[in-house]
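Written out below as structure tokens is the structure these notes cover.
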Amino acid sequence: MKIIGLIGEPAAGKSTVFRKLLASFGEGTVRKEGLVVYTEYPDDKVIVAGIYDEQVFSGTDRLSKGCGPKYREWLTTKCADPAYSDWTFYWEGERFSNSKFFDFFRDECSDVTIYYLMADSKTLNERNANRSNQNPSWRKGMATRMFNLREGYEVEIVEQGFTL
Numbered sequence: 000m001k002i003i004g005l006i007g008e009p010a011a012g013k014s015t016v017f018r019k020l021l022a023s024f025g026e027g028t029v030r031k032e033g034l035v036v037y038t039e040y041p042d043d044k045v046i047v048a049g050i051y052d053e054q055v056f057s058g059t060d061r062l063s064k065g066c067g068p069k070y071r072e073w074l075t076t077k078c079a080d081p082a083y084s085d086w087t088f089y090w091e092g093e094r095f096s097n098s099k100f101f102d103f104f105r106d107e108c109s110d111v112t113i114y115y116l117m118a119d120s121k122t123l124n125e126r127n128a129n130r131s132n133q134n135p136s137w138r139k140g141m142a143t144r145m146f147n148l149r150e151g152y153e154v155e156i157v158e159q160g161f162t163l
């Protein structure tokens with residue numbers, strides 16, 4: 000199974016990139032296996048972590064903060080299953096953006112691409128103004144975390160306007 004991830008600072012536009020990607024797929028079905036929640040697009044042979052709908056925070060932001068170990072277990076099973084060898088698993092955001100996942104991707108998965116979405120400070124400031132529940136110190140901490148992942152692991156840096 001091919002794995003494609005997208006990270007970046009809060010409000011960089013990750014969910015926007017994903018919404019455009021999802022619009023290119025056929026009919027999707029939300030599946031729940033305990034803490035593992037994903038949308039499956041069987042006609043496109045695609046699985047997308049999380050639930051994308053009209054809520055401001057969707058995608059992986061809707062997943063449990065403790066979902067990491069279950070997703071790694073689930074991905075290990077899916078990647079080993081020949082029926083999924085030509086499928087693609089997409090994810091974005093904070094739930095998968097940590098050293099445990101990045102070590103897992105590096106050590107246990109053979110076909111992984113992680114993109115880092117850059118956004119200019121004006122765009123970040125404008126988008127963050129609409130996010131009252133994300134305080135500045137949390138955003139700064141997340142920006143530092145994303146920067147550290149970008150510097151410590153192999154990622155491809157992309158800019159606004161990027162499409163998957």
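Final position of the sequence shown in numbering that gives the first Met the number 0 is 163; the numbers increase by one with none missing.
Yeah, the Cβ is synthetic: ideal placement off N, Cα and C, and Gly gets one too.
query: Residue from 32, 62, 103 and 19 whose Cα sits closest to the Cα of residue 153; result: 103
query: Unbroken beta strand (DSSP E) run spanning residue 116, endpoints; result: 111 to 117
query: Same chain, Cβ closer than 7 Å to residue 12, neighbours up to 5 away in sequence not counted; result: 116, 118 and 159
query: Opening and closing residue of the beta strand (DSSP E) in which residue 29 lies; result: 28 to 32
query: Residue 16: first and last residue of the uninterrupted beta strand (DSSP E) it sits in; result: Per DSSP, residue 16 belongs to no beta strand (DSSP E); it is in the alpha helix (DSSP H), 13 to 22.
query: Reduced DSSP category for residue 103 - H, G, I as helix; E, B as strand; rest coil; result: helix
query: In DSSP terms, what residue 88 is bridged to; result: 2 and 46
query: Pair within 8 Å by beta-carbon distance, residue 57 and residue 14; result: yes
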